[in-house]
Amino acid sequence: MKLFDTLKNIWKIEELKTRILTTLGLILVYRLGTEIVLPGIDPHGLQALKDQTSSGVLGLLDMFSGGAFSNASVFALGIMPYISASIVVQLLGIAVPYFQRLQKEGESGRRKINQITRYLTLVILVLQGSAYLTNLKAQVPAEAFVSTGFWQFQLPSIVIMAAGSMFVLWLGERITDKGIGNGVSIIIMIGIIARLPFAFFAELTSRVSQQGGGLVAFLIELIILFLVFCGSILLVQGTRKVPVQYAKRIVGNKQYGGVRQYIPLKINAAGVMPIIFAQAIMLLPISLINYANSESLSGFAAAFSNFTGFWYNFTFFIMIVAFTYFYTAITVNPMQMSEDMKKNGGFIPGVKPGRKTMEFLDTIMSRITLPGSIFLGIVAILPAFAQISGVNHQFAQFYGGTSLLILVGVVLDTLQQIESHLLMRHYDGLMKSGRIKGKNPGGPAAY
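Numbering-wise, this note's numbering comes out as the position in the sequence shown, counting from 1, plus 1.
Next up, the structure:
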């Protein structure tokens, strides 16, 4: 069979086999770390924290951390502070001239940006660590703590969680260097997949014993989930190819150029960033509930805190569409693309080089971003529709949203790297026909 032949070919390539085994070993270290509880806490007293993170935004954070958040683990803060710092630095590169210069300095500038990102990550870790411990004390019974003093418990715990997150980042970098795929993305993906078996059996048990419908209803849910995965793959992989013709150049006795290539403009160039931005802003009503003194404000905030309600999902959808245009505009620069083509002797057939090319590319991006943003908004609110239809809230998270898009993007990129190793050594690829086109989800643009 094709599958067994492919696995046999993968095992024959020593470098690829070593990379896969290294990746699996580092993932195992990460998963073991998520089960190590912070010193001074009784693990049996964490049930209230697990209940709090069973749904909502905290449930999403717990999913990204692979359950470490609800376990009060040394890896409780996970890799997300680094992602947040990367996003902030990326946005600063658009608005601050100093970061713009660093981006143009090549390798030395990239190292400087990475250093700044790590320093900012430490600042975020200290702030989030303090907030996490405050929430932990509010949820966990006092008898579950050996000590609650600042010097005896709080400060050491913040240092341990910060060190744990930096160690997770180090594991991700080792996966990127010595393993297969993008390490940071794979760690996030593993955290998401770790919740899938529990959600799967919870939904199966619910259908068979509680809600009714039996195996037929559960089978229909799996078919719908498969179709959602197919649609997400189309969203991640969809591109609009713009033909580019390069003029012939003769250098010495050799001829260069004279070939037609394509610029692949992605339908969803913004990735999952619009969902992350929209979720961050939608958290504000939840914060207003705690400070609201009037019933009208409390009712308004409560309406926007209902994750399955109409107004929350309608506003969420509109914000995702708007942020998709915003993030695409700041990440895709048609003027820079036009200048690069002109410098390399390239042109789009039928379009004048320079400003006309820039306007042509900008028009195409505006047109393909609209269906991409609408599709992205639909994928983001699908979990709410799944919950309304009676799907268990844990299993409903896999019907869309950030987790699904990250899962699809990372899997496709990893498979593309494995296929590249196979093709480079003259083996067949992973599929009988066609090639896997990876999204390359490295860096914050992937999240």
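In this text, a Cβ means the ideal position worked out from N, Cα and C, and glycines have one as well.
In this structure SER367 is exposed. Its beta-carbon is surrounded by fewer than 16 other beta-carbon atoms within 10 angstroms.
A straight-line Cα-Cα distance of about 23 Å links SER148 and ASP52. Ranked by Cα distance from LEU408, the first of LYS13, ILE114, LEU39 and MET64 is MET64. Assignment of LYS13 by DSSP, reduced to helix, strand and coil, places it in the helix class.
Rounded to whole angstroms, TRP312 and GLY378 show a C-alpha spacing of 14 Å. The Cβ atoms of GLY173 and GLY184 sit closer than 8 Å to each other. Taking the Cα of THR23 as reference, the smallest distance to any Cα among ARG175, MET338, ALA139 and GLU144 is reached at ARG175. Listed in chain order, the non-local C-beta contacts of ALA69 below 7 Å within the same chain comprise THR35, PHE76, ALA77 and GLY79, local neighbours out to five positions each way being set aside.
Here ALA163 is buried: its Cβ has 16 or more other Cβ atoms, across all protein chains shown, within 10 Å. Residue pairing for ILE80: DSSP places it in no beta bridge. With respect to PHE324, ILE382 sits apart: the two C-beta atoms are not nearer than 8 Å. In this structure, GLY130 and ILE159 form a Cβ contact; the two beta carbons are roughly 4 Å apart against a cut-off of 8 Å. Less than 8 Å divides the Cβ of VAL237 from the Cβ of GLY410.
Beyond the five residues adjoining it in sequence on each side, THR118 comes within less than 8 Å, by CB distance, of TYR83, ALA86, SER87 and VAL90 in the same chain, given in chain order. Of PRO384, THR403, LEU266 and LEU235, the smallest CA-CA separation from GLY310 is found for PRO384. The alpha carbon of VAL245 has as its nearest neighbour, out of ALA132, PRO354 and PRO157, the alpha carbon of PRO354.
CA-CA distance, GLN116 to GLN104, rounds to 13 Å. In summary, VAL380 is buried, with 16 or more beta-carbon neighbours lying within 10 Å of its beta-carbon over all protein chains present. For GLY347, the three-state secondary structure derived from DSSP is strand. GLN262: member of the beta strand (DSSP E) spanning 261-267, first to last residue.
Here the C-alpha atom of ILE161 lies approximately 21 Å from the C-alpha atom of GLU144. Counted as a single uninterrupted DSSP element, the alpha helix (DSSP H) harbouring ARG112 occupies residues 108-140.
The count of Cβ pairs closer than 8 Å, one atom from the region 9-29 and one from the region 123-141, stays below three, leaving the stretches out of contact. Contact check between the region 92-112 and the region 222-232: fewer than three CB pairs, one atom from each, fall below 8 Å, which does not count as touching. For ARG241, the beta-bridge partners assigned by DSSP are LEU266. Beta-bridge partners assigned by DSSP to TYR247: GLY347. With the rule of 3 Cβ pairs closer than 8 Å, the region 411-424 does not count as touching the region 347-365. Per the DSSP secondary-structure output, PHE146 pairs in a beta bridge with ILE42. Here SER74 is bridged, per DSSP, to VAL38. ILE319 counts as exposed, since fewer than 16 other C-beta atoms from the protein chains shown sit within 10 angstroms of its C-beta. Every alpha helix (DSSP H) of 4 residues or more that sits fully in the region 401-427 is shown, in chain order, as 402-425.
Straight-line spacing of the CA atoms in VAL127 and GLY180 works out to 30 Å. Between SER74 and VAL38, the beta carbon gap of about 6 Å places them in contact (Cβ cut-off 8 Å). Residues THR325, TYR328 and THR329 of the same chain have their beta carbon placed closer than 6 Å to that of ALA271, with the five preceding and five following residues left out of the count.
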